[in-house]
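Chains G and U, in that order, are what the protein sequence lines are.
When you number the first sequence by our numbering, it's gap-free, plus one each residue, and the end is 390.
When you number the second sequence by our numbering, it's gap-free, plus one each residue, and the end is 407.
Scroll down for the structure; my scribbles are underneath it.
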Amino acid sequence: MHMNDKIPLIREKALWMRRTAFAMVHRAQLGHPGGDFSAIDILATLYFGVMRFDPKRPDWPDRDRFVMSKGHATGALYTALCAAGYFPEDWLATYMQPRSLLNGHPNRNYLPGIETNTGPLGHGFPVATGIAIAGQLAGAGYRTFVLTGDGEQQEGSNWEAAMVAGHRRLSNLTLIIDRNRLQQGAGTEETSGLDPLDKRYDAFGFDVTEVDGHDPAALLAVLGAAPGSKPRCVIANTTKGKGVSFMENVASWHHGVPNDAQFEQAMKELV
Amino acid sequence: MEMVNRPYAAAFEAYAVQHPEVLCLSADLTSSCEIDGFRDRHPDQFLSLGMAEQNMLSFAGGLGLAGFRPFLHSFGVFLYRRPYDQLMASVAYPRRKVRLMGFLPGVTTPGGMTHQAIEDISVMRTIPNMTVLEAGDATEVESIVAEADRVDGPVYCRILRGAVPRLFDTPIRIGQMRVLAEGEDVLVVTAGITTEEAIRARGALARAGVSVRHLHLNTLKPFDAAQIVDHAASVRHGVITLENHLVTGGIGSMVAEALAEAGLARRLIRLGLQDTYAHGGSRPYLMKHYGMDALSLVRAVERLTGQATGIDEDALGAVRIDAVHSIVKAEAL
Ligand SMILES: Cc1ncc(C[n+]2csc(CCOP(=O)(O)OP(=O)(O)O)c2C)c(N)n1
Ligand SMILES: [Mg+2]
């Protein structure tokens, strides 16, 4: 199958993920919908266009690994895992309820398909670096993908990982940065600026590509390309709250939750 | 019962504007720690460091060295788990006047194990030079700002946010526990949100004929062991500690150490998280599930006295002291 043949499927899954994630947040009256929506096209592209995995065998040694470092965006992650077949759809309705396996932050002891617990930002990229080195040491063929927030890049642990990954030329590692330019309370550039992010990662020894993080074709081209000789950094330019007019680029939707009218309105727009 | 909305926000602002050497630091949890209004109105006294807690702790050490008294705002967990080494070397050892304001203590967050500060008391109280405070109501949240700022050294505070009940009408004073009831059967020791639970239980226990001596702790370090021992010596059946924390290393351990060192033999039941992580969920659900609520306290009293009280959930519902903490809605993340 030609790579671009996968695009309709990716779009269809992404739409379902947005609608479903928002319904989960609406029902629970808890969650992080802004960051869910900026990440969903990236996750849909990975799970339905790029990664090799088998939901029946979450521990399959040759699976490609995905680490969701921005662990607060569980609406995006849980809908992706569900769509990918890791667990039945009716589990989604339990999101954040007492005793649910779908916690506010992903827990690998609860759900198949989660490689490592995240939530405190700045963990995922170093863990992914360890996974990638393990693959190199073992001569294994799997690839490792990790998604961080852009605000998350302010945590120093990322730069320690970047140094190691660049130094060791971990070509089986792809770091994706959800560059929505907002963190929890404000813009990244007015808080503790990250630009020029491309030059920074280039200097750390990464192959850097900037893409439109909501364009499956562009994402597929860079994420699906065969590994080169260096670790890859994909700066995915995204919009926080993407897809719902009143949420786009509004910081308070980081962990804002919709009332009934807002939910109805969003469902009309997400078609 | 009066519920006060965002008591920290107003109290911090009122205090900080009078004290220019106080700086307000945030690591991207500005609105979550109720300092968004302060940021907007007093940008010159506000420093946002981005999401970078290790840097924030050492940076605060530097500010302290230069004579400022930084107030650090984040969820409790992020103030000690990641930046522990920075806390020790840059803040605690040099005795910097750094004020660590830890929001969402224990199970007051639904965020699950990564966000629940359940061993913070245990960690903080073992650090030499550290003072550890915990607010249990709106009045203590309001007065903890000035009180913490009197300390000549670092202070860690467990802070309550959002709608907080007002239980007390006098401010927090470091080292002064509150004696809320002077009964003779059982000694109950609480702090933070568990005090509200114990007050609920007390009403029903009194009707069942059990007389409770109730101490509310707001200063966890320095710990007034002598006073605890005196109170423990004056009850018939023993002591119960109830804490929003692991029972190891926290208030239960502190009381056990005090009794043992004084050679006072009293039975002790420690209620709280029992060597476990907690999963995500609403605060009332988690308190019930992990045995930290009023009914768990009643059952522990029955174990100590050997007598059933006949108290059930309904009896406690009748003395519920506020209707605001709904059973279904969790604290926002
Ligand atoms: C170590 C740590 N500090 C603070 C937080 C609280 N927090 C959760 S999400 C968030 C902002 C994340 O911003 P960004 O990385 O840009 O993510 P996105 O915009 O994709 O939601 C913060 C500060 C946290 N989870 N972990
Ligand atoms: Mg962001």
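Cβ atoms here follow ideal geometry from the backbone N, Cα and C, with glycine treated the same way.
Cβ neighbours of residue i in the same chain (closer than 6 Å, five flanking residues each side left out)
{"i": "Ala247 (chain G)", "result": "Val186, Thr263, Val265"}
{"i": "Gly268 (chain G)", "result": "Lys189, Asp297"}
{"i": "Val363 (chain G)", "result": "Ala385, Glu388"}
{"i": "Glu234 (chain G)", "result": "Arg184, Val186"}
{"i": "Leu240 (chain G)", "result": "Glu271, Glu274"}
{"i": "Val229 (chain U)", "result": "Arg173, Thr205, Ala222"}
{"i": "Ser148 (chain U)", "result": "Ala101, Leu103"}
{"i": "Leu153 (chain U)", "result": "Leu174, Gly176"}
Beta-carbon contacts of residue i that lie in its chain and below 8 Å, excluding the five residues immediately before and after
{"i": "His333 (chain G)", "result": "Asp160, Thr357, Thr358, Lys361"}
{"i": "Lys362 (chain U)", "result": "Leu369, Ser370"}
{"i": "Asn222 (chain G)", "result": "Thr193, Met215, Tyr229"}
{"i": "Asp183 (chain G)", "result": "Val169, Met170, Arg171, Phe172, Tyr261, Arg262, Thr263, Phe264"}
{"i": "Gly266 (chain U)", "result": "Pro179, Gly180, Glu208, Ala209, Gly210, Arg232, Leu234, Glu317, Asn318"}
Neighbour-count burial assignment, residue i, 16 or more Cβ in a 10 Å radius
{"i": "Pro94 (chain U)", "result": "exposed"}
{"i": "Val253 (chain U)", "result": "exposed"}
{"i": "Leu313 (chain G)", "result": "buried"}
{"i": "Pro239 (chain U)", "result": "buried"}
{"i": "Asp243 (chain U)", "result": "exposed"}
{"i": "Gln426 (chain G)", "result": "Here chain G has residues from 120 to 390 only, and residue 426 (chain G) is not among them."}
{"i": "Tyr236 (chain G)", "result": "Rather than Tyr, the amino acid found at residue 236 (chain G) in this sequence is Asn. So Asn236 (chain G) counts as buried."}
{"i": "His319 (chain U)", "result": "buried"}
{"i": "Ser308 (chain U)", "result": "exposed"}
{"i": "Met282 (chain G)", "result": "exposed"}
{"i": "Asn79 (chain U)", "result": "exposed"}
{"i": "Trp372 (chain G)", "result": "buried"}
{"i": "Val402 (chain U)", "result": "Unreliable placement is indicated for Val402 (chain U), whose pLDDT of 46 sits below 50; the coordinate value is still reported in the next sentence. Exposed: under 16 other Cβ atoms inside 10 Å."}
{"i": "Phe86 (chain U)", "result": "buried"}
{"i": "Leu123 (chain U)", "result": "buried"}
{"i": "Asp178 (chain G)", "result": "exposed"}
{"i": "Ala339 (chain U)", "result": "exposed"}
{"i": "Gly249 (chain U)", "result": "exposed"}
{"i": "Ala345 (chain G)", "result": "exposed"}
{"i": "Asp114 (chain U)", "result": "exposed"}
Cβ shell of residue i (< 7 Å), same chain only, five flanking positions each side left out
{"i": "Ala305 (chain G)", "result": "Ala370"}
{"i": "Ala195 (chain G)", "result": "Met136, Ala140, Asp155, Ala158, Ile159, Leu162"}
{"i": "Asp321 (chain G)", "result": "Val327"}
{"i": "Gly238 (chain G)", "result": "Gly190, His191, His224"}
{"i": "Gly326 (chain U)", "result": "Thr315, Glu317, Arg344, Gly346"}
{"i": "His399 (chain U)", "result": "Its pLDDT being 49, under 50, His399 (chain U) is placed unreliably by the model, and the measurement read from it follows with that caveat. Closer than 7 Å at Cβ, skipping near neighbours: Arg357, Pro358."}
{"i": "Leu128 (chain G)", "result": "Phe167"}
{"i": "Gly141 (chain U)", "result": "Glu95"}
{"i": "Ala337 (chain G)", "result": "Val330, Asp331"}
Which listed residue (the options) has its alpha carbon closest to that of residue i
{"i": "Asp304 (chain U)", "options": "U:Glu258, U:Glu214, U:Tyr364, U:Ile248", "result": "U:Glu258"}
{"i": "Leu207 (chain U)", "options": "U:Arg235, U:Arg169, U:Gly180, U:Ile246", "result": "U:Ile246"}
{"i": "Lys132 (chain G)", "options": "G:Ser364, G:Tyr197, G:Arg146, G:Gly375", "result": "G:Tyr197"}
{"i": "Asp317 (chain G)", "options": "G:Met170, G:Leu294, G:Tyr205, G:Phe206", "result": "G:Leu294"}
{"i": "Leu161 (chain U)", "options": "U:Leu291, U:Phe133, U:Glu335, U:Ala330", "result": "U:Phe133"}
{"i": "Thr213 (chain U)", "options": "U:Leu97, U:Ala83, U:Pro358", "result": "U:Ala83"}
{"i": "Arg281 (chain U)", "options": "U:Val181, U:Glu256, U:Gly266, U:Thr383", "result": "U:Thr383"}
{"i": "Phe323 (chain G)", "options": "G:Leu289, G:Pro152, G:Ala336", "result": "G:Leu289"}
{"i": "Ser348 (chain G)", "options": "G:Phe325, G:Val363, G:Ser364", "result": "G:Phe325"}
{"i": "Met75 (chain U)", "options": "U:Asp211, U:Ala332, U:Glu127", "result": "U:Asp211"}
{"i": "Met198 (chain U)", "options": "U:Ser100, U:Gly185, U:Arg173, U:Asp110", "result": "U:Arg173"}
{"i": "Met366 (chain U)", "options": "U:Pro144, U:Gly380, U:Ile385, U:Val321", "result": "U:Val321"}
{"i": "Lys125 (chain G)", "options": "G:Arg300, G:Pro377, G:Ala340", "result": "G:Ala340"}
{"i": "Leu220 (chain G)", "options": "U:Gly185, U:Leu342, U:Gly176", "result": "U:Gly185"}
{"i": "Leu378 (chain U)", "options": "U:Arg341, U:Tyr351, U:Ala352", "result": "U:Arg341"}
{"i": "Asn129 (chain U)", "options": "U:Ile109, U:Asp110, U:Leu99", "result": "U:Leu99"}
{"i": "Leu149 (chain G)", "options": "G:Ala212, G:Ala203, G:Leu165", "result": "G:Ala212"}
{"i": "Asn277 (chain G)", "options": "G:Ala199, G:Gly254, G:Gly249, G:Leu256", "result": "G:Gly249"}
{"i": "Lys171 (chain U)", "options": "U:Asp194, U:Val225, U:Ile218", "result": "U:Val225"}
Residue-chain proximity (residue i, chain B), Cβ-Cβ < 7 Å
{"i": "Gln160 (chain U)", "result": "Chain labels in this structure do not include chain B; the protein chains are G and U."}
message: Tell me which residues of the stretch 91 to 123 of chain U have at least one Cβ-Cβ distance to chain G shorter than 9 Å, keeping chain order.
response: Result list: Ser100, Ala101, Asp102, Leu103, Thr104, Ser105, Ser106, Asp110, Arg113, Ser122, Leu123.
- prompt: Using Cβ-Cβ distances below 9 Å, what residues of the stretch 270 to 287 of chain G are close to chain U?
  reply: Correct list: Gly270, Glu271, Gln272, Gln273, Glu274, Gly275, Ser276.
task: Can you give me, in chain order, the residues of the stretch 195 to 222 of chain G that have a beta carbon less than 7 Å from any beta carbon in chain U?
output: Residues passing the 7 Å Cβ filter: Met215, Pro217, Asn222.
query: Quick one, which residues of the stretch 222 to 249 of chain G are near chain U if we go by CB-CB under 7 Å, in chain order?
result: Of all residues in the stretch 222 to 249 of chain G, only Asn222, Gly223, His224, Asn226, Asn236, Gly238, Pro239, Leu240 place a beta-carbon less than 7 Å from a beta-carbon of chain U.
query: Along the stretch 179 to 205 of chain U, what residues have a CB closer than 8 Å to any CB found in chain G?
result: Cβ contacts with chain G: Pro184, Gly185, Gly186, Met187, Thr188, His189.
task: Could you please tell me which residues of the stretch 332 to 348 of chain U, in chain order, have their CB closer than 8 Å to any CB of chain G?
output: Result list empty, no residue passes.
- request: Scan the stretch 233 to 252 of chain U for residues whose Cβ lies nearer than 8 Å to a Cβ of chain G and list them as they occur along the chain.
  value: Shown here is that no member of the stretch 233 to 252 of chain U has a Cβ falling below 8 Å from a Cβ of chain G.
field: Interface positions of the stretch 302 to 331 of chain G facing chain U (Cβ-Cβ less than 7 Å), listed along the chain
entry: Residues of the stretch 302 to 331 of chain G that bring their beta carbon within less than 7 Å of a beta carbon in chain U comprise Gln302, Gln303, Gly304, Thr310, Ser311, in sequence order.
- request: Would you list, in chain order, the members of the stretch 138 to 171 of chain G that have their beta-carbon closer than 9 Å to a beta-carbon of chain U?
  value: Correct list: Ala147, Gln148, Leu149, Gly150, His151.
- prompt: Which residues, in chain order, does the stretch 138 to 150 of chain U contribute to contact with chain G at a C-beta distance below 7 Å?
  reply: Answer set for the stretch 138 to 150 of chain U: empty.
message: Please list, in chain order, the residues of the stretch 363 to 382 of chain G that have any C-beta partner in chain U closer than 7 Å.
response: Taking a C-beta cut-off of 7 Å against chain U, the contacting residues of the stretch 363 to 382 of chain G are His374, listed in chain order.
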